[in-house]
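Comments concern the structure below.
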Amino acid sequence: MKKHGFRFWLLAIVGLLGMVLSLSQPPKQVAAADNTLKSVFSIDAGRKFFSAAQLKMIIDRAHTDGYTDVQVLLGNDALRLLLDDMSVTINGKTYGSDVVKQAIQAGNKAYHDDPNGNALTQTDMDAVLKYAAARDINIIPVINSPGHMDAILTAMAQLGIKNPAFNGSKRTVDLNNDTAIAFTKALLQKYVMYFKGHATTFNFGSDEYANDVDTGGWAKLQQSGTYKKFVAYVNDLAAMAKNAGLKPMVFNDGIYYDNNTSFGTFDKDLIVSYWTAGWGGYDVAKPEFLTDKGLKIMNTNDGWYWVLGRVDGDLYSYKTALASLASKKFTDVPGASSAVPIIGSVQAVWADDPSAQLDMPALLKLMDQFSTAYAPYLVRPADYSKVDAAIAAVPRQLNQYTEASVAKLDAALNAVVRGKKATDQALVDGYAQTITVAIKALQLRPADYTKVDAAIAAAKKLDRSHYQDLSGVDAALAAVNRNLNITQQAQADTMAAKITAAIAALVLKPGPQPDPRQQQVPTKTIVNPDRYLPKTAEASGWGLMLAGLATILGVISIVFFWRQHRMAV
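Residues in the sequence shown are numbered from 29 upward in steps of one, following the numbering used here.
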């Protein structure tokens, strides 16, 4: 018993020492170069219209700078994407596609009549998605609800849906209006299904509920008990995304507001885009609280925010966005008191004032500087210039080369994998080297000796005893070079022509002997010609004449005696 007691106390002391030591250690940090984390650039193309060409410029720079994703807010106050089929059916009633489009366009115009455009078409977005995929950039679409729905609320009112907005808000749908909620969900379903197969994540926004009116905000939503409907609404959207194979994402401020869990549990598959730790009277749940609930965090630190048109100042200006690149780590989550596991970080440019001028060079420069500041996380693409140069050196007429050597070149070309990162630069350079080696190893096909062989065969058939001098033929035969390739075909054909010409120039020896070079034309022997033609010898000619004369005299005699006989009667 004493021994067992001693061991017990010894293990207890060791355990306590371990706890003390672990508490004295600083919190575990995210790996400094964990390039498995997503690096996202977000653009507010909802409030302000961005053309397909402008979005492609951003995607190009994102690719060059090593971003993994571009988040495009298409529905944020305005709704800047109209699908081909915008028809909506709810409660047995169908709102036609054209009618819905016109209503949304009117809503966009009411929010901000953007001179650059009202909304992208599905064809526009098809092109953007294809462009992004070719550059290995994921697109994260955002259609915000139940807040930031200005244009959709205007559209619903125009379509005859009564009182869709929450208690005087211009941008938030009333969660207690079942018809308005049904319309919103049906509309969102169309966008989810469109992006199915084109994206991996769908952001439903879900931030700032009715922050434009005093009666709104999360606190008052909880006070009224309506927050429970918000939890159910977000979970319905999460299920909608998951059913389409997409990961659901929302902004953080409405999720478990004020750490309150009494209204229900949010779907644990939600990705929370954590952008703000709140402010006075806006008591959002801290990131540690959300991770404890099993939710994933996308670090959307608003320290990196830039609102178009704001150059200086202390709130979301270009100046503060640049300064944050130096003061914040890639993994710094707003409001976090310890290291928080994240799935990536987001740099965002907003258009709170949609009439503000777009400074595209400044925007692209900000992306460049974000990429430089967090280079360990934003791994830029590998340099394929050597590969491209090697490919450009491939001969155009590969049909001149042997199948075996061309097959090796094809294998080298097919081995090239695009989209590699700078960390794989040695592998990419290896592609170029392999192609170059395969080009040098290409073997030209031999020339076609068919004509040469035919001429040689004709020469071999000659009876050398019939000719005076065959030295010309012999010289032409001796000059045949069997090592020519396909590019020297003309030389091979010339050799054949010289042999043929030498044969034609041969001179027969004197005497009656026939020229064996000339083909004898066979004559047809007619057997028993008397069967077909009369004899035409001289004797037979006189016989025919005498026979004819005798016949005439006989006829005259008969006529004469016949007449004498009649006269006598």
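Glycine included, each C-beta is placed from N, C-alpha and C at the ideal position. Bear in mind that the values here come from a model prediction, so they are computed numbers and not experimental data.
Residue environment, residue i, which counts as buried when at least 16 other CB atoms sit within 10 Å
{"i": "K537", "result": "exposed"}
{"i": "P369", "result": "exposed"}
{"i": "G124", "result": "exposed"}
{"i": "V535", "result": "exposed"}
{"i": "A160", "result": "buried"}
{"i": "V445", "result": "exposed"}
{"i": "S197", "result": "buried"}
{"i": "K158", "result": "exposed"}
{"i": "R373", "result": "It is Ser, not Arg, that sits at residue 373 in the sequence shown. Its Cβ being crowded by 16 or more others within 10 Å, S373 is buried."}
{"i": "W378", "result": "buried"}
{"i": "P423", "result": "exposed"}
{"i": "G225", "result": "exposed"}
{"i": "Y560", "result": "For Y560, the predicted structure reports a pLDDT of 46, less than 50, and the residue's modelled location is therefore unreliable. A value from the coordinates is still provided. The residue is exposed, with fewer than 16 neighbouring Cβ atoms inside 10 Å."}
{"i": "A618", "result": "Nothing in the structure corresponds to residue 618, since the chain is present only between 29 and 597."}
{"i": "V339", "result": "exposed"}
{"i": "G447", "result": "exposed"}
{"i": "L455", "result": "exposed"}
{"i": "V278", "result": "buried"}
{"i": "A565", "result": "Because A565 sits at a pLDDT of 45, beneath the cut-off of 50, its placement in the model cannot be relied upon, and the point is left open."}
{"i": "W307", "result": "exposed"}
{"i": "G273", "result": "exposed"}
{"i": "N172", "result": "buried"}
{"i": "P174", "result": "buried"}
{"i": "A487", "result": "buried"}
{"i": "N136", "result": "buried"}
{"i": "N104", "result": "buried"}
{"i": "P169", "result": "buried"}
{"i": "D320", "result": "exposed"}
{"i": "E465", "result": "The sequence as given places Val at residue 465; Glu does not occur at that position. Exposed, because fewer than 16 other Cβ atoms sit within 10 Å of the Cβ of V465."}
{"i": "L17", "result": "Nothing about residue 17 can be read from this structure; the chain reaches only from 29 to 597."}
{"i": "K76", "result": "buried"}
{"i": "K468", "result": "exposed"}
{"i": "K526", "result": "buried"}
Strand pairing of residue i, partner residues [DSSP]
{"i": "I168", "result": "Q99"}
{"i": "V300", "result": "V278, I325"}
{"i": "W246", "result": "DSSP, once it has assigned bridges, lists no residue as partnering W246."}
{"i": "Y310", "result": "W307"}
{"i": "P658", "result": "Because the chain spans 29 through 597 in this model, residue 658 falls outside it and cannot be assessed."}
{"i": "N104", "result": "A106"}
{"i": "S252", "result": "Answer is none; S252 lacks a bridge partner."}
{"i": "K488", "result": "K488 pairs with nothing; no bridge assigned."}
{"i": "P409", "result": "K449"}
{"i": "V335", "result": "W378"}
{"i": "L455", "result": "Answer is none; L455 lacks a bridge partner."}
{"i": "L536", "result": "Y495"}
{"i": "S290", "result": "Answer by DSSP bridge pairing: none, since S290 is not bridged."}
{"i": "S399", "result": "In DSSP, S399 forms no bridge with anything."}
Residue i - containing alpha helix (DSSP H), residue span
{"i": "T117", "result": "That residue, T117, is in no alpha helix (DSSP H); its beta strand (DSSP E) goes 116-118."}
{"i": "F317", "result": "315-320"}
{"i": "K270", "result": "255-271"}
{"i": "K436", "result": "431-442"}
{"i": "K347", "result": "346-355"}
{"i": "K198", "result": "Element bounds for K198: n/a, residue is neither H nor E."}
{"i": "I189", "result": "Run containing I189: none; DSSP gives neither H nor E here."}
{"i": "D28", "result": "In the structure as shown, the chain starts at 29 and stops at 597, and residue 28 therefore has no counterpart that could be examined."}
{"i": "D217", "result": "The sequence as given places Gln at residue 217; Asp does not occur at that position. 206-223 is the extent of the alpha helix (DSSP H) around Q217."}
{"i": "K414", "result": "413-420"}
{"i": "T151", "result": "150-162"}
{"i": "A90", "result": "80-93"}
Residue range of the unbroken beta strand (DSSP E) whose run includes residue i
{"i": "N231", "result": "229-233"}
{"i": "I71", "result": "66-71"}
{"i": "K121", "result": "121-123"}
is_contact[residue i, chain B] using C-beta, thresh 8 Å
{"i": "D521", "result": "No chain B is present in this structure, which holds just one protein chain."}
Does the structure place the region 430-448 close enough to the region 390-400 that three or more beta carbon pairs sit under 8 Å? no
Could you tell me which whole beta strand (DSSP E) segments of length 3 or greater appear in the region 364-389? 372-378
Inter-stretch contact at 8 Å, needing at least 3 Cβ pairs: the region 107-114 / the region 143-150: yes
Can at least three beta-carbon pairs, one atom from the region 457-466 and one from the region 402-422, be found at a separation below 8 Å? yes
Are three or more beta carbon pairs between the region 240-254 and the region 206-218 nearer than 8 Å? no
Measuring CB atoms only, is the region 310-318 touching the region 347-354, in the sense that at least three cross pairs come out at less than 8 Å? no
Measuring CB atoms only, is the region 126-140 touching the region 184-202, in the sense that at least three cross pairs come out at less than 8 Å? yes
Report yes or no: do the region 395-413 and the region 87-99 share at least 3 C-beta pairs separated by less than 8 Å? yes
Does the region 114-124 come close enough to the region 71-85 that 3 or more CB-CB pairs lie under 8 Å? no
At least three beta-carbon pairs within less than 8 Å, the region 379-389 to the region 318-332: no
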